[in-house]
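Only one structure is covered here, and it is reproduced in the block below.
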Amino acid sequence: MSLIVQKFGGSSVANTERIMRVAGIITDTYKAGNDVVVVLSAQGDTTDDLIEKAQELNPNPSKREMDMLLANGEQISISLMAMAIESMGFPVISLTGWQVGMKTDSNYGGARIRKVEAERVQAELAKRKIVLVAGFQGINKYDDVTTLGRGGSDTSAVALAVALKADLCQIFTDVDGVYTADPRIVPDAKKLDEITCDEMLELASLGAQVLHNRSVEMAKRYNVELEVLSSFDRNPKPGTKIKEAAKMEKMYISGVAKDKNVVRISLINLKDIPGMAFKIFSALAQKKVNVDIILQSIGRDGLKDISFTVDKGNRDLALAVLNDNKDIIGMEDVKVSEDVCKLSIVGAGMINNPGVAATMFEALASAGINIQMISTSEIKISVLIAEADGDRALKAVHEKFFS
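Now the structure itself:
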């Protein structure tokens with residue numbers, strides 16, 4: 029008998045038909061003799077609908093009250109799923125984040141999990157019940173409800189897998205695994221049988237929307253084996269295993285990802301003196317603005333330019349920080365480009381295969397696509413290109429490496 033944690037996203041439980049199909053997957057796992065803990069997201073567009081209702085009343089609500097509101101979406105999902113499983117004759121119980129002891133910090137809207145006090149879950153499992161848990165939510169030291177931010181249910185599932193010492197954590201989505209590219213854009217993308225945690229972490233951080241990067245980071249840290257598979261098949265086929273070490277020696281590139289959620293900020297005519305980059309990026313770091321690709325021009329006449337990318341959600345905060353520190357930084361102008369996207373290739377075998385960057389750049393050149401910025405690491409190469417070229421670039425680079 030194994031202990032299996034399963035997570036189902038919002039599209040998987042969007043309506044009655046899908047709830048019943050997922051209930052069948054859950055009960056099949058239970059009938060096989062396993063202990064089953066299930067983490068659910070809010071149904072379909074429920075979270076967006078709740079945000080819209082809040083905006084109608086208050087354009088700038090407090091984050092605490094937004095967490096109180098948004099946590100309800102997952103509670104609807106677990107209660108409906110419990111009713112479905114009950115109707116099938118199986119023992120089941122639904123629990124909120126606070127009931128399972130999901131303790132977080134107090135960063136409302138983007139809380140971090142501190143610990144999971146899983147005694148309640150273990151007690152229910154000992155009674156041979158299927159345990160349904162509301163994902164995306166926890167409770168802080170003030171006993172306030174908190175939410176974990178985008179992709180939070182993935183993180184909830186991995187955290188429970190860690191606390192319960194689960195044998196496997198399965199993430200059910202609307203695709204049947206991790207692909208070498210988004211199959212909705214690249215029809216001949218190939219499904220991977222397995223991928224390393226490091227590669228998946230990079231892909232998740234670079235725009236691949238299969239898993240949230242925080243969940244992969246936690247799985248890597250605590251050695252949790254993940255599997256991504258489809259919830260739209262009543263008898264799911266094997267998906268993609270994400271593990272610390274994978275058999276990827278023959279494939280030095282594991283995937284190509286596109287991220288539209290970026291903007292480029294350029295600081296024009298800065299003084300070309302020591303410490304300028306420190307002034308800029310330390311000010312941004314103090315406000316927790318994550319910076320990705322950075323490009324500094326060669327200084328001329330005592331001046332230089334520095335460009336960098338941030339998530340679109342951090343655009344206004346980054347500009348506010350720069351303007352607040354304008355006298356210290358001494359920039360002549362700030363330019364923002366939103367019509368850009370980031371294209372990346374990821375692969376653990378890259379480090380031992382020279383010429384990977386040249387192959388990527390050749391594919392882009394052949395497609396007539398201009399590169400604006402470049403960033404590299406041992407297992408990743410990212411380029412900034414025009415947003416209009418994004419899908420075409422994704423197809424061209426994928427074809428070059430995987431045809």
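When we follow our numbering, the leftmost residue of the sequence shown carries the number 29, and every step to the right adds one.
In this text, a Cβ means the ideal position worked out from N, Cα and C, and glycines have one as well.
I167 and G125 look like a contact to me (Cβ under 8 Å); what is the Cβ gap, rounded to whole Å? What you label residue 167 is simply residue 139 of the sequence shown in a count that begins at 1. What you label residue 125 is simply residue 97 of the sequence shown in a count that begins at 1. Indeed they touch by this definition, with Cβ atoms about 6 Å apart.
Considering just the uninterrupted stretch of the alpha helix (DSSP H) at G442, what are its terminal residues? The structure shown does not extend to residue 442, since the chain is modelled only from 29 through 431, so no value can be given for it.
R92 and Y58 look like a contact to me (Cβ under 8 Å); what is the Cβ gap, rounded to whole Å? By 1-based counting over the sequence shown, the position of residue 92 is 64. By 1-based counting over the sequence shown, the position of residue 58 is 30. Not really, about 37 Å apart at Cβ, beyond 8 Å.
My guess is that V186 and A285 are in contact by the Cβ rule of under 8 Å, so how many angstroms apart are they, rounded? Here residue 186 refers to the residue found at position 158 when the sequence shown is read from its first residue. Here residue 285 refers to the residue found at position 257 when the sequence shown is read from its first residue. That pair is no contact at about 21 Å.
Quick check on this structure: which residue in P264, L298, A391 and M109 has the alpha carbon closest to the alpha carbon of K332? Numbered from 1 along the sequence shown, position 304 holds the residue referred to as residue 332. Ranking P264, L298, A391 and M109 by Cα distance to K332 puts L298 first.
Candidates V128, P211, V384 and D172: which alpha carbon is nearest T404's? Taking the first residue of the sequence shown as 1, we reach residue 404 at position 376. Checked all of V128, P211, V384 and D172; the closest Cα to T404 is V384.
Would you say the region 188-197 touches the region 50-67, given that touching needs at least three Cβ pairs under 8 Å? yes
Could you pull the start and end residues of the alpha helix (DSSP H) that E227 belongs to? Position 199 of the sequence shown, counting from 1, holds the residue named residue 227. Residues C225 to S233.
Could you spell out the range, first to last residue, of the alpha helix (DSSP H) harbouring D77? Taking the first residue of the sequence shown as position 1, residue 77 is located at position 49. Per DSSP, D77 belongs to the alpha helix (DSSP H) from T74 to L85.
Tell me, which residues are paired with F200 by DSSP? One-based indexing of the sequence shown puts residue 200 at position 172. F36 and L257.
Would the region 248-263 count as touching the region 298-314 if we require 3 or more Cβ pairs under 8 Å? no
Measuring CB to CB, does S258 end up less than 8 Å from T201? Position 230 of the sequence shown holds residue 258. Position 173 of the sequence shown holds residue 201. For S258 and T201, yes; Cβs fall inside 8 Å.
Could you give the first and the last residue of the continuous alpha helix (DSSP H) run that contains M111? For the purposes of this step, residue 111 is taken as the residue at position 83 of the sequence shown. K91 to S115 is the span of the alpha helix (DSSP H), which, as asked, contains M111.
Do you know whose CA, among E390, I301, A424 and R242, lies nearest D329's CA? Taking the first residue of the sequence shown as position 1, residue 329 is located at position 301. Out of E390, I301, A424 and R242, I301 has the C-alpha closest to the C-alpha of D329.
What are the residues that DSSP puts in a beta bridge with L239? Stepping through the sequence shown from its first residue, residue 239 is reached at position 211. None; L239 has no bridge partner.
Compute the beta-carbon to beta-carbon distance between V290 and K218, rounded to the nearest angstrom, for a pair I have assumed lies under 8 Å. Position 262 of the sequence shown, counting from 1, holds the residue named residue 290. Position 190 of the sequence shown, counting from 1, holds the residue named residue 218. Not confirmed; about 26 Å, so no contact.
Do you know offhand how far Q400's Cα is from I32's? The count along the sequence shown starts at 1 and reaches residue 400 at position 372. The count along the sequence shown starts at 1 and reaches residue 32 at position 4. Roughly 45 Å between the two C-alpha positions.
Measure the beta-carbon distance from M228 to V206 and round it to whole angstroms, keeping in mind my assumption that it falls under 8 Å. Translated into positions along the sequence shown, residue 228 becomes position 200. Translated into positions along the sequence shown, residue 206 becomes position 178. Yes, they are in contact, since the Cβ atoms of M228 and V206 sit about 7 Å apart, within 8 Å.
Check each candidate in S410, F336, E245 and S90 and name the one with the smallest Cα separation from R319. Looking up residue 319 in the sequence shown gives position 291. For clarity, residue 319 is Val in the given sequence; the question names Arg instead. Cα-wise, what sits closest to V319 is F336.
For T132, I'd like the list of residues in its chain whose CB is within less than 8 Å of its CB, leaving aside the five on either flank, ordered along the chain. On the sequence shown, position 104 is the one that residue 132 refers to. So the list reads A139, R140, I141, R142, G166, I167, N168, T174 and L176, once near-sequence residues are dropped.
R249 burial status per 10 Å Cβ neighbour count (16 or more: buried): Stepping through the sequence shown from its first residue, residue 249 is reached at position 221. With fewer than 16 Cβ atoms within 10 Å of its Cβ, R249 is classed as exposed.
Using a Cβ distance threshold of 8 Å, determine whether the region 341-356 contacts the region 414-427, with at least three qualifying pairs required. no
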